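Going by numbering that gives the first Met the number 0, the sequence shown opens with residue 0, and the numbers climb by one from there.
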Amino acid sequence: MKRICAVISGLMMVLSIAMAVSGPAHVAYADEGSQEMYRMYNPNSGEHFYTANSYERDNLKSLGWHYEGVGWVAPVTSSVPVYRLYNSNAGDHHYTMNSYEKDMLVSKGWRYEGIGWYSADTTNEFPLYRQYNPNAKAGAHNYTLNSNERDALVRAGWRDEGLAWYALGLGGPAQSQPSTPSRPSGPATVPGAITPGAWCKKIEAGQYGRSE
């Protein structure tokens with residue numbers, strides 16, 4: 000009987016450890032599903048775009064956009080959509096969780112292109128920050144997980160606009176860059192997929208938001 004009790008006790012301990020290792024974050028991934036958001040960069044306009052579509056990523060690379068890696072990991076779906084809008088005059092996209100901001104921009108002539116992706120609604124561990132360059136025509140907004148990048152842009156004259164949305168997980172840089180990228184033919188405007196985003200290379204000439 001003592002031996003049976005010991006075996007049962009051991010099994011209970013193993014089950015307890017397994018349950019502890021699984022953790023809430025893993026449950027969120029399993030329930031919602033996740034997708035990598037690819038980050039693209041146009042060196043001529045300073046604009047960034049995100050897409051979960053590898054075909055679209057590769058098409059933009061062929062047009063001269065730089066592939067910079069995975070910006071963040073997003074849920075496939077959640078209760079918090081991120082809306083995508085497009086300004087055809089500036090060739091610029093904008094992204095917001097705020098339905099009032101979306102409606103205001105539409106009233107000013109921006110085209111609503113639907114839901115770009117979803118914000119994580121089960122964790123706030125990975126916030127993306129939003130900054131604004133009042134002097135830029137295209138690529139006026141920057142979205143980043145990196146608080147150091149946010150602070151550097153604010154010191155350079157960008158406006159800190161607070162939280163953009165939440166990610167499920169971190170991204171990572173691309174392993175390699177195109178060796179001889181061709182000149183981009185202009186901002187891509189593929190409905191339903193292309194989006195601008197985080198960790199942008201705003202150190203290039205003309206991209207800082209300085210007022211002087």
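Positions of the beta carbon are idealized from the N, C-alpha and C atoms, including for glycine.
Bear in mind that the values here come from a model prediction, so they are computed numbers and not experimental data.
Query: Element boundaries [alpha helix (DSSP H), containing residue 75]; Result: That residue, residue 75, is in no alpha helix (DSSP H); it is neither H nor E in DSSP.
Query: Where residue 151 falls: helix, strand or coil (DSSP); Result: helix
Query: Inside the region 107-172 only - beta strand (DSSP E) runs reaching at least 3 residues; Result: 110-118, 125-131, 140-143, 158-166, 168-172
Query: Assigned secondary structure, residue 44 (DSSP; H/G/I helix, E/B strand, else coil); Result: coil
Query: Residue interval of the alpha helix (DSSP H) (run including residue 59); Result: 53-61
Query: Buried versus exposed call for residue 54 [16 or more other C-beta atoms within 10 Å across all chains shown]; Result: exposed
Query: C-beta contact flag for residue 33 and residue 69 at 8 angstroms; Result: no
Query: Local conformation of residue 96 per DSSP, three classes; Result: coil
Query: Whether residue 96 touches residue 164 by CB criterion (8 angstroms); Result: yes
Query: Residue 41 versus 83, 167, 91, 99, residue with shortest Cα-Cα distance; Result: 91
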